[in-house]
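In this note's numbering, the protein residues as written are 1 to 164.
Working notes, beginning with the structure itself.
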Amino acid sequence: VKACVVGTAAWETLWKVKELNNRHEEYDKAAEYAHLIGKPLMVVGQTMGRHPCGDVCVDIAGCPTCSNSVTADVQDLFVFEDKNFGAAFASHVLEHIDSPDLAWMELNRVADKVFIAYPFSHRLTSTLHGHKWFVNKTAGGYLFTAINGGEKLFLSNDGTVLYQ
């Protein structure tokens with residue numbers, strides 16, 4: 001039993017480290033891209049000290065630790081004009097919402113390029129914390145599979161959405 005507990009803890013730790021590295025890599029890519037094209041960076045989701053706030057931080061409950069915070073729903077970013085941002089970085093957000101497809105289309109509407117970080121489905125805790133979707137990166141985008149085993153969405157890197 002002890003070996004099983006130790007093995008499980010090691011597994012979770014390994015994937016948590018990979019997940020944190022992924023979050024930092026995606027943020028860095030988003031920040032670099034926005035800077036490269038001379039437009040602001042939008043960060044979606046409270047940063048909780050895990051990465052910088054970007055030029056604008058958007059969250060449904062606001063971003064109390066960020067100086068330029070906008071309270072908005074990522075599924076309806078009506079407060080922003082089309083292509084206002086060079087990049088949008090959504091960290092551990094889309095797996096929580098009912099319609100990640102709407103959020104994906106909105107993010108692609110307001111930003112030239114979208115970067116996301118998400119919990120890896122390999123983790124035993126990937127179904128906790130109010131998650132509604134498993135997320136897996138593919139060569140052309142992201143596959144979202146409902147945790148309840150139903151709906152599947154493919155969010156393409158070009159901003160389109162395919163439904164299964």
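Beta carbons: idealized from backbone N, C-alpha and C, even for Gly.
**Request:** For my contact list, Ser-43 and Cys-53 are in at a C-beta cut-off of 8 Å; report their separation, rounded to the angstrom.
**Result:** The sequence position of residue 43 within the sequence shown is 43, counting from 1. The sequence position of residue 53 within the sequence shown is 53, counting from 1. It should be pointed out that residue 43 corresponds to Val in this sequence rather than to Ser. Between Val-43 and Cys-53 a beta carbon distance of about 6 Å is seen, short of the 8 Å cut, so the two are scored as contacting.
**Item:** Rounded separation between Gln-75 and Ile-60 - CA only
**Value:** Here residue 75 refers to the residue found at position 75 when the sequence shown is read from its first residue. Here residue 60 refers to the residue found at position 60 when the sequence shown is read from its first residue. Taking the straight line joining both Cα atoms gives about 10 Å.
**Item:** Nearest-angstrom Cα separation, counted from Ala-111 out to Thr-138
**Value:** Translated into the one-based positions of the sequence shown, residue 138 becomes position 138. Translated into the one-based positions of the sequence shown, residue 111 becomes position 111. Cα-Cα distance, rounded: 21 Å.
**Message:** Let's test the definition: count the other Cβ atoms within 10 Å of the Cβ of His-35 and tell me whether it reaches 16, buried, or not, exposed.
**Reply:** As a working note, residue 35 is residue 35 in the sequence shown. So His-35 ends up on the exposed side.
**Selection from His-129, Tyr-118, Asp-55, Ala-3 that minimises the alpha carbon distance to Gly-86** = Residue numbering aside, residue 86 sits at position 86 when the sequence shown is read from its first letter. Of the candidates His-129, Tyr-118, Asp-55, Ala-3, the one whose C-alpha sits nearest the C-alpha of Gly-86 is Asp-55.
**Contact check, Ala-117 vs Ala-90, beta carbons under 9 Å** = As a working mapping, residue 117 is identified with position 117 in the sequence shown. As a working mapping, residue 90 is identified with position 90 in the sequence shown. Their beta carbons are under 9 Å apart, which means Ala-117 touches Ala-90 by this criterion.
**Message:** Do Asp-101 and Lys-132 have their beta-carbon atoms positioned less than 9 Å apart in this structure?
**Reply:** Indexing the sequence shown from 1 puts residue 132 at position 132. Indexing the sequence shown from 1 puts residue 101 at position 101. Their beta carbons are not under 9 Å apart, which means Lys-132 does not touch Asp-101 by this criterion.
**Prompt:** Under the three-state reduction of DSSP, which class applies to Lys-39: helix, strand or coil?
**Reply:** As a position in the sequence shown, residue 39 is number 39, starting the count at 1. Correct three-state label for Lys-39: coil.
**Asked** What is the rounded straight-line gap between the Cα of Glu-19 and the Cα of Phe-154?
**Response** Indexing the sequence shown from 1 puts residue 19 at position 19. Indexing the sequence shown from 1 puts residue 154 at position 154. When rounded, the distance between both Cα atoms is 21 Å.
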